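So the sequence shown is numbered by the working numbering: it starts at 32 and just counts up by one.
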Amino acid sequence: MKLFDFLKKEFELTDNSVLVFNNNRIIYCNKSALNLYECGFNDIKGKTLIDLSPRYQENGELSSVLLKQFWMKFRTGISRQFKWVGTKYINADFIYMQISLDHIEFDNNKYILGIITNLSQQDNQLISSKNVISNPYTGLAIFKEKSLELLECNDHFINILGFKNKREALKKAQDHLQVSCDFLNDIISSILKKSGKLENVELLTNKVNGENIWIRKSIYQHRHKHLLECVITDITKQKNAESLLQESKIQNKILIQNIPSIFWIMEPTGYFKFISDRLEHVLGYNNKNIERIKETWKNKIHSDDLDNLLDKISCAFVRKQKIDIDFRVLTANGTWIWLNSVAEISEDRKCSQLLYGLSTDISKKKRFEDKLVFAMMNAEERERTRLSQDLHDGVSPILAATKLYTQSLTQINTSENQKELLGKIEKTLDEAMQSLSEISAKISPHILQNLGLSAALQSFMSSISSRSNIEHTISSNINENLNKNIETLVYRVCVELIFNTIKYANANKIRIRIIEKNNNLLIEFKHDGVGFCIREVLKKSKGMGLRNVYNRINAVDGSVNFISENKQGLKVIINIPL
């Protein structure tokens with residue numbers, strides 16, 4: 032018995048519509064299936080299910096893609112049933128159906144049996160109200176090519192164009208499309224003749240009530256050439272979002288152009304995807320050089336800094352660590368400047384990892400730090416020289432006298448003389464301890480670290496007041512967050528001014544005011560002693576103390592002003608930016 036005879040015997044008289052497939056192509060269908068598709072056997076013999084279906088299914092997916100998924104589920108045993116929208120052969124009316132698949136064997140060959148249940152008889156709408164499609168913005172419709180007469184459509188085609196119901200759509204869609212899509216009559220016909228399709232045309236049209244909407248339209252030549260298959264999608268929200276995004280991009284571009292830092296985006300390959308025009312202002316490279324620098328940027332980094340920078344970038348991409356690093360970069364004029372770069376990983380809309388960063392010129396800050404370090408080193412060296420001199424001139428003679436007194440003890444027999452010498456030894460030791468205490472306060476003001484600037488100055492003035500008999504007043508409003516380097520520098524400057532006052536001014540009162548205001552530190556030092564002309568003093572060798580004050584304040588970009596009227600008293604005003 033031949034295969035066709037076997038199939039005819041088994042399925043010809045059944046009420047169900049039957050299709051038999053071999054390699055996904057139809058090799059047999061019974062009379063019920065021919066009646067369902069309204070065609071003869073030769074019309075569909077050798078065709079696939081796609082040939083008898085619209086381009087899109089009810090869920091908005093391509094029929095070809097969805098059918099592959101169904102075949103895969105059937106072959107792996109996951110599912111034997113699926114719902115499908117087919118089309119009649121002659122007039123392309125839609126058929127809403129359920130297909131049940133099974134295997135049959137004949138002469139040791141396997142074939143696929145498809146039994147069709149016509150659901151269109153249960154619900155004559157194209158899309159059943161019980162099966163709402165997952166994409167509510169996709170509309171499907173069939174038109175006559177020349178007249179644009181609407182033959183069939185789904186609910187979402189009706190909703191997108193604003194028709195009240197299917198009856199109104201069938202009646203008015205032709206006039207509406209001719210008004211809103213004039214290009215159809217002139218362009219589509221010629222394009223369809225060449226390629227059979229016109230895909231993803233975006234146009235601004237309007238609903239029946241006049242409301243403007245954006246739609247994406249795709250038109251395909253049906254297998255019956257007098258029909259057109261149309262798919263429309265409402266993309267109004269998308270277009271509005273794109274418009275907002277474009278406005279946001281413009282605003283971001285303006286923001287990026289105005290910030291003082293270079294904004295950049297780096298890909299995982301190590302190449303820059305974007306560098307802002309600020310590069311020209313900071314490094315001097317013009318727009319023509321930017322594209323080249325995106326690939327050759329490593330050649331512009333100082334060799335001592337490059338390996339550390341590359342390690343930071345690698346850790347950012349691999350471990351998603353944030354970057355905060357200082358490094359040197361070669362400018363267009365051949366000089367080196369310092370940049371600070373902060374960056375972190377983020378993902379774009381394609382889920383690709385990108386490194387977003389800002390690079391800021393910190394050369395001035397680096398020069399300030401270098402000056403500060405240099406000034407501190409010079410100050411330390413001067414303190415060592417002063418320490419040596421203080422020990423030599425102050426403590427050494429006292430200790431030498433103590434030694435002589437001690438040696439004399441062995442040569443004196445009377446207890447009264449010994450008692451007198453012991454009193455002198457005790458007195459010289461007290462003087463030595465006092466001198467060492469003063470020297471210690473000059474070298475390492477521990478109270479400065481523990482209690483702050485105001486307390487340290489009060490302690491220092493108290494330690495010398497017994498010897499100088501100078502009255503002092505110290506006032507301050509600074510908080511605990513003052514930079515420790517600045518605090519130490521101010522302490523040293525004030526000590527320098529106090530020593531000069533004691534040594535040269537013959538003053539009775541000293542007043543020190545320290546005020547923190549508007550990110551500036553203001554120091555006012557006054558005494559009522561003998562004043563002087565600053566220019567004359569700086570010319571002489573004894574002006575080294577004042578030069579130390581100038582050097583220290585200049586190192587932190589501050590200013591010093593000495594005021595002495597008629598050489599009566601002195602007022603020193605110091606301003607240090609914080």
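Ideal placement from N, C-alpha and C gives every residue a C-beta, glycine not left out. Quick caveat: nothing in here was measured; it's all calculated off a predicted structure.
Check your understanding: Where do the N-terminal and C-terminal ends of the alpha helix (DSSP H) with T519 fall, by residue?
Key -> K515 to N531
Report task. On a CA-only basis, which of D588, F113, L460 and K33 is nearest D138? Give me that one, please. Result -> K33
Requested in this report: Would you kindly check if the distance between the Cβ of I130 and the Cβ of I109 is under 9 angstroms?
Outcome: no
Q.
Given this structure, state the Cα-to-Cα distance separating I368 from D392, to the nearest angstrom.
A. I368 and D392 have their C-alpha atoms roughly 7 angstroms apart.
field: Every unbroken alpha helix (DSSP H) within the stretch 57-126, with a cutoff of 4 residues, ordered by chain
entry: 62-68, 72-75 and 94-106
Note to self: Quick check on the DSSP output: the alpha helix (DSSP H) that includes I191 runs from which residue to which?
What the structure shows: D186 to L192
Does the ligand ATP have a heavy atom nearer than 8 angstroms to the CB of L34?
The ligand ATP is not part of this structure, which contains no ligands at all.
Output needed for F42: all residues of its chain with C-beta closer than 7 angstroms, excluding positions within five of it in sequence on either side, in chain order. Sequence-distant partners of F42 (beyond 5 residues in either direction) whose C-beta falls short of 7 angstroms from its own C-beta, in its chain, are V49 and N61.
Residue nearest to N54 in terms of C-alpha spacing, selected from L386, I263 and K141: Considering only alpha carbons, the answer is K141.
- Assumed close pair I191, I263 - CB separation to whole angstroms, cut-off 8 angstroms: 6 angstroms between Cβ atoms; contact.
Q | Collapsed DSSP secondary structure at C346 in the structure displayed | A | helix
Counting Cβ pairs closer than 8 angstroms, one from the stretch 523-539 and one from the stretch 556-567, do we hit at least three? yes
Q) Of all Cβ atoms in chain D, is any one closer than 9 angstroms to the Cβ of S48? A) Annotation note: the requested chain D is absent from the structure, which comprises a single protein chain.
**Asked** Are there 16 or more other CB atoms within 10 angstroms of the CB of V51, so buried, or fewer, so exposed?
**Response** When all chains shown are included, V51 counts as buried.
Rounded to whole angstroms, what is the Cα-Cα separation between I594 and N514? Going by the C-alpha atoms only, they are around 28 angstroms apart.
With a cut-off of 8 angstroms on the beta carbons, I'd call Y615 and I58 a contact; round off their distance for me. The displayed coordinates of the chain run from 32 to 609. Any statement about residue 615 would go beyond what the structure contains.
(Q) Give me, in chain order, the residues of the same chain whose beta-carbon lies closer than 7 angstroms to that of N550; leave out the 5 immediate sequence neighbours on both sides. (A) P608 and L609
Check: Among residues of its own chain, excluding the 5 on either side of F563, which ones have a beta-carbon nearer than 8 angstroms to its beta-carbon?
Finding: Y535, S595, K598 and L601
Next item on the list: Use the C-beta contact count for R309: other C-beta atoms within 10 angstroms, 16 or more gives buried, fewer gives exposed.
Entry: Result: buried.
| said: Using the three-state DSSP reduction, which class does E567 fall into: helix, strand or coil? | reply: helix
So N185 and L171 are supposed to be a Cβ contact under 8 angstroms. How far apart are they, rounded?
With a Cβ gap of about 5 angstroms, N185 and L171 count as contacting.
Nearest-angstrom Cα separation, counted from K455 out to C526
Checking the sequence shown, residue 526 turns out to be Val, not Cys. The alpha-carbon atoms of V526 and K455 are separated by roughly 32 angstroms.
Minimum C-alpha distance to R106 - residue among H134, Y127 and I126 | Taking only the C-alpha atoms, the option nearest R106 is H134.
**Message:** Using CA atoms only, rank isn't needed, just tell me which of P291, I189 and K331 is closest to C261.
**Reply:** I189
- Task: In the DSSP assignment, find the unbroken beta strand (DSSP E) run with E233 in it and report its ends.
- Result: K228 to N237
Spell out the partners DSSP gives I266 in its beta bridges. In the DSSP output, where bridge partners are listed per residue, I266 has none listed.
*Beta-carbon proximity of K248 to G193, cut-off 9 angstroms*: The answer is no: Cβ separation not under 9 angstroms.
Margin query: Per DSSP, what are the beta-bridge partners of Y638 in this structure?
Written below: Any property of residue 638 remains undetermined from this structure, which presents the chain solely from 32 to 609.
Using DSSP bridges, identify the partner residues of P291. Answer is none; P291 lacks a bridge partner.
| According to DSSP, is T416 helix, strand or coil? | helix
Which value, in whole angstroms, describes the spacing of the CA atoms of I290 and H312?
11 angstroms
Q) Among N510, F113 and K78, which residue has its Cα nearest to the Cα of Q88? A) F113
With H, G and I counted as helix, E and B as strand and the rest as coil, what does DSSP make of K395? helix
- Sort out for me which residues DSSP pairs G170 with in a bridge. I263
Proximity of N339 and I356 at Cβ, strictly below 9 angstroms:
yes
Whether K270 touches E233 by CB criterion (9 angstroms)
Taking 9 angstroms as the Cβ cut-off, K270 and E233 qualify as a contacting pair.
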